[in-house]
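All residue numbers for the sequence shown refer to full-length UniProt numbering, where the first residue is 1 and numbers rise by one.
Note that the Cβ used here is the ideal one computed from N, Cα and C, for glycine as well.
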Amino acid sequence: LKTPANHLKTFIANRVSKVQRLTENCCWTHVPSPLNPADLVSRGLSPRDLPELKLWWSGPSFLERGELSSGPGPPLMNESEYSCELKNGVVPELPISSICVSTNCDLSFLSDLLCMSNSYVKILRIFSYVLRFVNVIKSNVIVSGPLSASELDQAENRLIGMVQGEVFSAEIRNLQCNKGVLPNSKLRNLNPFLDSDGVLRVGGRLGNSELPYVTKYPAILPNRHKLTNQIIVYFHLKNLHIGASSLLHCVRERFWPLNGRSLCRKIVYECIVCFKARPIVTSQLMGNLPRDRVVPDYPFNCSGVDFCGPFMIRYRNQRKGVLHKMYVCIFVCFVSKAVHIEIVSDLTSEAFIAT
1 LKTPANHLKT
11 FIANRVSKVQ
21 RLTENCCWTH
31 VPSPLNPADL
41 VSRGLSPRDL
51 PELKLWWSGP
61 SFLERGELSS
71 GPGPPLMNES
81 EYSCELKNGV
91 VPELPISSIC
101 VSTNCDLSFL
111 SDLLCMSNSY
121 VKILRIFSYV
131 LRFVNVIKSN
141 VIVSGPLSAS
151 ELDQAENRLI
161 GMVQGEVFSA
171 EIRNLQCNKG
181 VLPNSKLRNL
191 NPFLDSDGVL
201 RVGGRLGNSE
211 LPYVTKYPAI
221 LPNRHKLTNQ
231 IIVYFHLKNL
241 HIGASSLLHC
251 VRERFWPLNG
261 RSLCRKIVYE
271 CIVCFKARPI
281 VTSQLMGNLP
291 RDRVVPDYPF
301 NCSGVDFCGP
311 FMIRYRNQRK
321 GVLHKMYVCI
331 FVCFVSKAVH
341 IEIVSDLTSE
351 AFIAT
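Right, here's the structure in full:
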């Protein structure tokens with residue numbers, strides 16, 4: 001049943017494809033003939049022997065004990081028996097049954113938790129209630145009412161620690177063994193360290209400042225993770241759809257996302273509200289050029305004049321070296337764009353005419 005139907009012969013393929021289509025989400029197991037009650041009647045059985053058969057009335061022993069998952073596995077199939085049902089030219093590949101045992105359920109729990117909602121606040125509150133339930137089971141002390149600030153902080157640290165353990169497992173392992181991060185690590189320039197809660201934080205030079213602990217040592221977040229995107233979206237909405245630079249500043253007051261600038265730009269660019277409110281820059285429509293600019297003529301027959309300055313100069317023939325003001329008069333030809341420069345002593349009409 002796990003073989004693709006197009007690899008089988010037509011008669012078998014039609015029936016296998018129908019079974020696969022009708023039982024798409026089912027998990028198949030095998031019950032051998034000695035333990036199958038249906039085979040007793042189909043292969044012939046005397047009515048006198050039927051009342052004494054426990055297999056007929058109670059079923060297989062592993063079903064009676066409620067151990068469906070530990071029942072007998074599928075029998076090993078002979079390659080010749082398997083290949084005779086395949087089409088010509090198809091290489092037989094015997095199906096292999098494998099059992100995968102997970103030793104850590106944190107990753108599956110984290111992925112299921114992040115799929116519950118796109119809101120960081122909602123996910124944090126759900127996880128806080130989960131931790132409260134676990135604490136009640138351990139301590140037998142019933143806690144009710146709204147979530148406290150300490151419970152939310154504890155849940156946030158645990159949640160970030162799980163994400164960091166998923167992405168930065170090698171760095172965390174080295175820091176736990178009092179070793180530095182590897183030279184090829186993405187965190188080598190951040191001087192990371194583990195705090196008392198096991199959260200990976202940025203080590204900086206603000207230890208003597210009066211800033212909060214989470215601001216002096218922000219928690220490191222991976223750049224391609226759903227939780228990181230949800231945290232940035234949360235700060236974007238909390239601060240009324242601020243721009244990318246201001247958003248990065250707000251996020252870095254508590255967290256340090258890798259490649260944070262591009263992540264903030266991506267969040268702002270994909271925000272529907274910001275897209276609708278984003279202004280469109282219009283360009284000024286210019287008028288026609290003057291006739292003197294587009295009709296050929298002699299150089300400087302039609303010119304433009306402008307002044308720049310003042311500039312301070314000192315005359316050589318003066319012994320005291322007194323500074324005097326001077327200006328520069330610029331003549332621009334409208335046709336050829338040629339430039340002529342003259343020095344002017346002042347901004348009077350007489351000085352301009354003298355040029």
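Taking the straight line between their C-alpha atoms, what separation do you get for residue i and residue j?
i, j, result
"I272", "T228", "19 Å"
"K9", "Q20", "16 Å"
"Y213", "H236", "22 Å"
"L76", "T29", "Residue placement at L76 cannot be trusted, given a pLDDT of 47 that sits under 50; the coordinates are not used to answer."
"V163", "K216", "21 Å"
"I343", "Y327", "6 Å"
"R314", "E350", "22 Å"
"T348", "C329", "12 Å"
"S144", "R132", "9 Å"
"L247", "F255", "12 Å"
"D306", "R278", "40 Å"
"S262", "A149", "31 Å"
"L187", "F168", "9 Å"
"V101", "L152", "Because the pLDDT at V101 is just 41, under 50, the model does not fix this residue reliably, and the value given afterwards should be weighed accordingly. Using only the alpha carbons, I get a separation of about 32 Å."
"G304", "S336", "12 Å"
"V185", "P257", "Reading off the sequence shown, one finds Ser at residue 185, where the question assumed Val. Taking the straight line joining both Cα atoms gives about 15 Å."
Sort the options by Cα distance to residue i and report the nearest one.
i, options, result
"L200", "S209, A170, N208 and P183", "A170"
"K54", "G44, T23 and N36", "N36"
"N191", "S185, G203 and S262", "G203"
"N259", "L240, G243 and I232", "I232"
"C333", "P299, C308 and I341", "P299"
"I12", "G287, L86 and I341", "L86"
"A244", "I220, P218, C274 and L221", "C274"
"D195", "R48, Y269, I172 and S209", "I172"
"H241", "I220, K276, N208 and P60", "K276"
"F62", "V31, C264, E52 and G44", "V31"
Where DSSP assigns a beta bridge to residue i, which residues make up the other side?
i, result
"A219", "R201 and F255"
"D306", "I330"
"E342", "C329"
"L323", "R314"
"L86", "L8"
Do residue i and the ligand NAD come close, with the Cβ less than 7 Å from some heavy atom?
i, result
"F11", "Because no ligand of any kind appears in the structure shown, any question about the ligand NAD cannot be addressed here."
*Touch test, the stretch 197 to 212 against the stretch 224 to 238, Cβ-Cβ under 8 Å, three pairs minimum*: Because the criterion of three Cβ pairs below 8 Å is not met, the stretch 197 to 212 and the stretch 224 to 238 do not touch.
*Count the CB pairs spanning the stretch 146 to 158 and the stretch 126 to 134 that are closer than 8 Å, and state whether there are at least three.*
Contact holds: three or more Cβ-Cβ distances are below 8 Å.
_My parser needs the alpha helix (DSSP H) runs of 4 or more residues fully inside the stretch 5 to 46; what are they?_
Unbroken alpha helix (DSSP H) runs of no fewer than 4 residues, entirely contained in the stretch 5 to 46, are found at 10 to 22 and 38 to 42, following chain order.
*For the stretch 129 to 196, which segments carrying the beta strand (DSSP E) assignment without a break, of at least 3 residues, lie completely within its bounds, in sequence order?*
The stretch 129 to 196 contains these whole beta strand (DSSP E) runs: 192 to 194.
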